Amino acid sequence: MKRIYMDNNATTAVRAEVLEAMLPFYREQFGNPSSVHWAGRAVSGAVEKAREQVAKLINCSPAEIVFISCGSEGDNMSLKGTVDALRDKGDHIITTTVEHPAILETCKSLEKQGIRVTYLPVDHNGMLNLADLEAAITDKTILISVMWANNETGNLYPIEAIGAIARKYKVRFHTDAVQAVGKVPVDVQKAKVDLLVLSGHKIGAPKGVGAIYIRRGTRLTPFMHGGHQERNRRAGTHNVAGIVGLGVACELAGSHLGEDAARIRRLRDKLEQGIIGAVSEIKLNGHPDPDLRLPNTLNVSFAYIEGESLLLNFDMKGIAASSGSACTSGSLEPSHVMGAMCVDVVLAHSSTRFSLGIDNTEEEVDYVLEVLPPIVQRLREMSPLYNRTEPMTCEECQVIRKVH
Amino acid sequence: MKRIYMDNNATTAVRAEVLEAMLPFYREQFGNPSSVHWAGRAVSGAVEKAREQVAKLINCSPAEIVFISCGSEGDNMSLKGTVDALRDKGDHIITTTVEHPAILETCKSLEKQGIRVTYLPVDHNGMLNLADLEAAITDKTILISVMWANNETGNLYPIEAIGAIARKYKVRFHTDAVQAVGKVPVDVQKAKVDLLVLSGHKIGAPKGVGAIYIRRGTRLTPFMHGGHQERNRRAGTHNVAGIVGLGVACELAGSHLGEDAARIRRLRDKLEQGIIGAVSEIKLNGHPDPDLRLPNTLNVSFAYIEGESLLLNFDMKGIAASSGSACTSGSLEPSHVMGAMCVDVVLAHSSTRFSLGIDNTEEEVDYVLEVLPPIVQRLREMSPLYNRTEPMTCEECQVIRKVH
Amino acid sequence: MYSDKVMDHFSNPRNVGEIENADGVGEVGNASCGDIMKIFLKVEDNVIKDVKFKTFGCGAAIATSSMVTEMAIGKTIEEALELTNAAVAEALDGLPAQKLHCSNLAADALHEAIRNYKEKQA
Amino acid sequence: MYSDKVMDHFSNPRNVGEIENADGVGEVGNASCGDIMKIFLKVEDNVIKDVKFKTFGCGAAIATSSMVTEMAIGKTIEEALELTNAAVAEALDGLPAQKLHCSNLAADALHEAIRNYKEKQA
Ligand SMILES: Cc1ncc(COP(=O)(O)O)c(C=O)c1O
Ligand SMILES: Cc1ncc(COP(=O)(O)O)c(C=O)c1O
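Protein chains in written order, with the working numbering: chain A, 18 to 421; chain B, 18 to 421; chain C, 40 to 161; chain D, 40 to 161.
Take a look at the structure:
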């Protein structure tokens, strides 16, 4: 069977060059970079080289990069570390309703400790109103945290403009750039961010490694206490192979960013136009202007059908995508991002994300466009909501209205 | 040049079988185990299999295992998560002066939040007095944290006896078993521990993966907030390859534990006896009874010389070991473990740890025994403390007395 | 995740559709899970002669709907009322834990349809 | 970590030993770093004719001790007093940052020895 992977925002395959670079660090150069002997020396240089590669991709100094285990760790570290370091300055954080759970759940845990959090709403396109952001800042605000790109819709947020506002009010600015790095240009100087988080497995490096940019002079209480690794900023023996892989993945991403993005963008646009042309009663989720979304992401809802059924049908044809349906999220509610955008809850349940990557081809897009319309049609025929003549029951209305 | 690695307590090489098991999960089975499609399904089973392998090694149920990124994370999670979950019950933790920094630094950070910590002293052999432990328990005590085996000396602590005391007083019991798992039998039921931490890279799995055992029913606030991974106990995309590697390493460790330990123990004993026989004025650090130490660990101080010089000389002969010297620890003080054992500070600076592993051979031990005595002699000849006739200056006395 | 039987019923659902002038129609839905199931009955001499369904929902919702129609056909009303959600799940060789509480409503929909049938009779 | 020059002086330290009936002896030590350096001088006509050292300490401590002896021999007392720890580190092509503050005391030991020499003269 054909296997078409269009779920690159969930995770990516490790790139061949990345794996090759990693392999020597499992058995030959297996030392602990903190050791002074040959086994340690053989690897400490490799860690520092990776640090330079990561730094180059986001335009910072290597000393400002700290290696961590994943994007979630970086988000926890940024928020909790800031609250601990700046608690005397204030107790207020501003973020958005469309952040990844790594931010939202961390904020909830901070609220239990007495931190006040403003969750900025978004409009129907999933975009922020910067006047809202500016209005939310008080003299107790210690952090603004806005993601660079949304994982579900691909929406790109105006990070430079937000950075300028943060500077104006002298508020620290953190961005979860897990979905942005490697897909669009990311420059921490231009964007004036103080903390930025990236994760390896979204850009062809392995799972279990990430990095956080900490602008020089940014006081941040460590999240992981212990040994002296990473100049006391993150304890735990270095994941050397993972770090080496992350470095190579960043270098590859940087050197091909323009061409890769353009090619993937063409495929995404073809898929988008193809679906819009072939299937009626659908809704594009995220910003209608494809320039304001990641070049690889398409999120679309198919009225009357539920996302998991769609995914399973796609899967039977070898197509891997993802869904905002409650049934696939591990929670009982459909996607909070769809909810924040006031997408009708039934449509939210059918929101389907196609996230392309460097390995996708035009043939794959053609294949998806071929098998998708009949699957949608078949499921619609099975749906009690489709071609309905009687009015909806109370229960159903409730279903459809139950969006904030 | 010969390369003899005797620093297995710092980190180990990834075992060939482990690496082989990991490789398919980088490029072929690269999916996110949380995904419902083929790419996710292909790996979620592998994660669950690894969970069973880890559970079997320490005799718990797979549902009680949570995968994490390293030992330090597990220690942070255990302490911080317990304090958050049980804060209403009390504000007192009991630990020891010889824990790894992942415990000690975490305790320091908790002290800043108002938690009271009792650091139990150890005797000259590095052992605890269980009457001290019992006497330290109050009705505000929420956690006892004692390591299973010490990383520097190899000392094994009486975990079963401590578990019994903890049960008697109904206090939660955590053990940092990073150095014990895979080297000695570890059974969480027998030991009555509630939380246990292990780290992959100490047992032939890669760096960047570990596990925590959380006894069923143990309330623990998550350390890493975010997605629903690990049944909401640890957010972050699974490090699938690392987890698979950890599983295989645990299985290998379990199936060969007896023979491996016996063989390594014979080599360690030979090294120990050989050094004691060939070099005068040395001090064995840790318990003199080798049964009360890990089978692979030997820690010895060489009077009059400093540890880094020794290590560098060993290194020039291809021997990798480690030292309690300040110069290699990344801090300004020599090993806190030597300090806690009241080892004279000059001797502490020369404490040298040989930690053997499955790959060491008898020839390697012979080689070390051949090159070590002349190195020690040469450095002693160079030392102003050796064969001294005049009395020490004030400054020197201070050096030697400055131990708690 | 799903058993082979679930996947079979999901990919080849039995008795999809509507029955015109049905003797009983029942619908249940669960907003948070995104499942709505609608069951149509044809009853003759107290025996269920035909059942059809339409379902908006996940794989488990569709498979349980399909399975319940197969299980109900030929049963008396009383027998059909004894069919439980658990029995449906069992007939499918089980369902994933997180599906048991929210997508396993097909027997409820059947009971709703029988209630509607009885109402009409009365 | 260490430069080649440091490693050279560490593995083949110059002028190790003591001078019997030395004209000056100086010792400095730093408890927390575990470094103690002792320098012995032979002085003739205000010129350092011979220097020997004994050092307890890390690689940097031994290398700087060795280097300072090489740098001092042949210098006048005044010239030798101008030798700094920084100059010693530089002559070794630099030292790792964490070594600069605590293991780089060889020039201090030399100055101590010169002070001791002057005291004896007075
Ligand atoms: C006893 C002990 N605890 C914790 C750790 C920390 O483990 P990791 O480096 O995996 O974070 C180590 C190893 O460095 C250790 O020896
Ligand atoms: C926007 C965003 N932030 C954070 C994360 C968390 O990253 P990780 O899975 O590496 O912890 C993800 C990916 O799942 C993401 O898409």
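Where a beta carbon is used, it is the ideal one built from N, C-alpha and C, also for glycine.
Bear in mind that the values here come from a model prediction, so they are computed numbers and not experimental data.
- About 5 Å separates the beta carbon of residue 60 (chain B) from that of residue 257 (chain B), a gap short enough to meet the 8 Å contact definition.
- By the neighbour-count criterion, in which 16 or more other beta carbons inside 10 Å mark a residue as buried, residue 118 (chain A) falls on the buried side.
- Put simply, the stretch 324-332 of chain B does not touch the stretch 81-98 of chain B. Fewer than three CB pairs are less than 8 Å apart.
- Not a single CB atom of chain A sits nearer than 8 Å to the CB of residue 79 (chain C).
- Here the alpha carbons of residue 21 (chain A) and residue 213 (chain A) stand approximately 31 Å from one another.
- Excluding five sequence positions before and after residue 115 (chain A), the CB atoms of its chain that fall closer than 7 Å to its own CB belong to 139, 143, 167, 354, 357, given in chain order.
- Annotation: Cβ neighbours of residue 259 (chain A) in chain B (cutoff 7 Å, chain order): 225.
- With 16 or more other Cβ atoms from the protein chains shown falling within 10 Å of its own Cβ, residue 93 (chain C) counts as buried.
- Rounded to the nearest angstrom, the Cβ distance from residue 82 (chain C) to residue 112 (chain C) is 11 Å, too far for a contact under 8 Å.
- Listed in chain order, the non-local C-beta contacts of residue 153 (chain B) below 8 Å within the same chain comprise 111, 135, 137, local neighbours out to five positions each way being set aside.
- At a cut-off of 7 Å, the beta-carbon of residue 119 (chain B) counts as near ligand 1: some heavy atom of the ligand is closer than that.
- Between residue 316 (chain B) and residue 113 (chain B), the C-beta gap is not smaller than 8 Å, which leaves the two residues out of contact.
- Per DSSP, the continuous alpha helix (DSSP H) segment holding residue 398 (chain B) begins and ends at 379-399.
- Rounded to the nearest angstrom, the gap between the Cα atoms of residue 122 (chain D) and residue 50 (chain D) is 23 Å.
- In this structure, residue 24 (chain A) lies near residue 337 (chain A), with their beta-carbon atoms less than 8 Å apart.
- Shown here, residue 66 (chain D) sits in a strand according to DSSP, grouped into three states.
- Any Cβ of chain D closer than 8 Å to the Cβ of residue 351 (chain B) would place that residue at the interface, and such an atom is present.
- For residue 85 (chain C), the three-state secondary structure derived from DSSP is coil.
- Sequence-distant Cβ neighbours of residue 79 (chain D) in its own chain, meaning closer than 6 Å and more than five residues away, are 57, 58, 61, 64, 91.
- Legend: CB atoms of the stretch 27-60 of chain B lying less than 9 Å from CB atoms of chain D are not found in any residue.
- If you look at residue 230 (chain A), you'll find it isn't in any alpha helix (DSSP H); it sits in the beta strand (DSSP E) that goes 227-231.
- When 8 Å is used as the limit between beta carbons, residue 101 (chain D) is near these residues of chain B: 326, 399, in chain order.
- The stretch 103-112 of chain D makes contact with the stretch 124-134 of chain D, as at least three CB pairs between them are under 8 Å.
- Separation of residue 310 (chain B) and residue 245 (chain A) (C-alpha to C-alpha, rounded to the nearest whole angstrom) is 26 Å.
- In the DSSP annotation of this structure, the continuous segment of the alpha helix (DSSP H) that includes residue 248 (chain B) starts and ends at 246-249.
- Here residue 18 (chain B) is exposed, its C-beta having fewer than 16 other C-beta atoms within 10 Å.
- Residue nearest to residue 331 (chain A) within the set A:204, A:232, A:370, A:81 is A:370 (criterion: CA-CA distance).
- For residue 187 (chain B), there is no enclosing beta strand (DSSP E), as DSSP marks it with neither H nor E.
- The count of Cβ pairs closer than 8 Å, one atom from the stretch 233-245 of chain A and one from the stretch 80-90 of chain B, reaches three, so the stretches are in contact.
- When only Cα atoms are considered, residue 363 (chain A) and residue 141 (chain A) end up about 16 Å apart.
- Residue 193 (chain B) is positioned such that its CB atom lies no closer than 8 Å to that of residue 85 (chain B).
- Residues of the stretch 360-379 of chain B with a C-beta atom less than 9 Å from some C-beta of chain D are 362, 363, 365, 366, 367, listed in chain order.
- The criterion of a C-beta distance shorter than 8 Å is not satisfied by residue 366 (chain A) and residue 390 (chain A).
- In this structure residue 232 (chain A) is in contact with residue 81 (chain A), their Cβ atoms being roughly 6 Å apart against a cut-off of 8 Å.
- Separation of residue 224 (chain B) and residue 51 (chain A) (C-alpha to C-alpha, rounded to the nearest whole angstrom) is 13 Å.
- The Cβ-Cβ distance between residue 150 (chain B) and residue 124 (chain B) does not fall below 8 Å.
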